[in-house]
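Chemist: In the numbering used here, the protein residues as written are 2 to 74.
Positions of the beta carbon are idealized from the N, C-alpha and C atoms, including for glycine.
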Amino acid sequence: MSKTPKFSEQLRQAIETAPVTRYRIAVDTGISEAVLSRFVNSKVGLSMETVDLVCDYLGLRLVPEKKPERKGR
């Protein structure tokens, strides 16, 4: 069974693979490019407000993972 990556890792990957540069994300969202760079390089975390801005900009949403049903109960 494969383990789903943490949300922060998924967000880092989304930023890295976005069709725009980190600079463009920073300019368009008002987030410091340095903050995005430090986050992508696992140096700092992001505030929930910043996470919301990045997710809105990239069109991301949080969806619960479906877990398999337990048998026997």
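1) Would A19 and L59 qualify as a contact pair, given that the criterion is a beta-carbon distance under 8 Å?
2) Assuming R23 contacts E10 under a Cβ cut-off of 8 Å, what Cβ separation, rounded to an integer in Å, is found between them?
3) Near R39, what residues of its chain come up, given a Cβ to Cβ distance below 7 Å and the 5 sequence neighbours on each side ignored?
4) May I ask you to report which of helix, strand or coil DSSP gives I26?
Modeler: So, to answer that:
1) Position 18 of the sequence shown, counted from the start, is the residue given in the question as residue 19. Position 58 of the sequence shown, counted from the start, is the residue given in the question as residue 59. Yes. Within cutoff.
2) Sequence index remark: in the sequence shown, residue 23 carries index 22 (1-based). Sequence index remark: in the sequence shown, residue 10 carries index 9 (1-based). The pair is not a contact, with the Cβ atoms about 16 Å apart (cut-off 8 Å).
3) Within the sequence shown, numbered from 1, the residue matching residue 39 stands at position 38. Closer than 7 Å at Cβ, skipping near neighbours: V45.
4) As a working note, residue 26 is residue 25 in the sequence shown. DSSP places I26 in helix when its eight states are reduced to three.
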